[in-house]
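Colleague: Quick note on full-length UniProt numbering: the sequence shown kicks off at 1 and runs consecutively. This is the structure I have questions about; it appears just below.
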Amino acid sequence: MISGYVSNGVYFKAIDIFWRMRDSGVQPDIISFASVLSACSQLTALEQGREIHSYISNHKLESSEVIMGALLDMYAKCGAVEEARHVFYRLPVRDVVSCMKGAISKDILLMRHFNLFIHNHNCSNHNCSN
């Protein structure tokens with residue numbers, strides 16, 4: 001149900017359903033965690049993501065590659081560089097995708113400067129600098 005809401009862009013409802021599940025004693029599965037963390041990513045809802053991470057830690061679910069990958073993605077998209085790095089180093093398996101997310105989240109500011117450089121370079125090639 002949570003993944004359905006996320007797939008349709010109904011992120012707030014997905015997060016609400018997750019908390020209702022938790023409050024009613026239903027243990028979310030891996031897909032539910034990945035989906036709700038994706039909703040947090042889309043909304044850049046860092047505090048919600050941190051609460052969910054705490055829940056994951058308290059229930060000893062940090063051995064799941066899927067959950068940890070979703071956490072890394074959420075922290076990176078929310079701009080929480082230190083938390084993303086911490087999750088990256090705790091990943092059970094570091095594949096190419098997680099390495100790229102870890103590298104990107106390591107220095108988001110560097111990526112912004114790079115994009116600015118590319119934009120300025122393209123403008124100077126097309127005589128944009130009036």
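Where a beta carbon is used, it is the ideal one built from N, C-alpha and C, also for glycine. Please read these numbers as outputs of a predicted model, since none were measured by experiment.
Pick from Y89, G25, A34 and H86: whose alpha carbon is nearest that of G4?
Modeller: A34
Colleague: To the nearest angstrom, how far is it from the Cα of K77 to the Cα of T44?
Modeller: 7 Å
Colleague: For S63, does the three-state DSSP call read helix, strand or coil?
Modeller: Residue state, collapsed to three classes: coil.
Colleague: Helix, strand or coil: how does DSSP classify N127 here?
Modeller: Low local confidence applies: a pLDDT of 48 at N127 is under 50, so the model's placement there is unreliable, and no value is given.
Colleague: At the level of alpha carbons, what is the spacing between L72 and V26?
Modeller: 24 Å
Colleague: Give the C-beta separation of residue 209 and F18 to the nearest angstrom, bearing in mind that I take them to be a contact with Cβ-Cβ under 8 Å.
Modeller: Outside the shown range of the chain, which is 1 to 130, sits residue 209, and nothing can be said about it.
Colleague: Under a three-way DSSP split, which group does D29 fall into?
Modeller: coil
Colleague: To the nearest angstrom, how far is the alpha carbon of I31 from that of Q42?
Modeller: 16 Å
Colleague: Quick one: Cα of A80 to Cα of D23, how far?
Modeller: 27 Å
Colleague: Among I52, E82, R90 and Y89, which one has its Cα closest to the Cα of D29?
Modeller: I52
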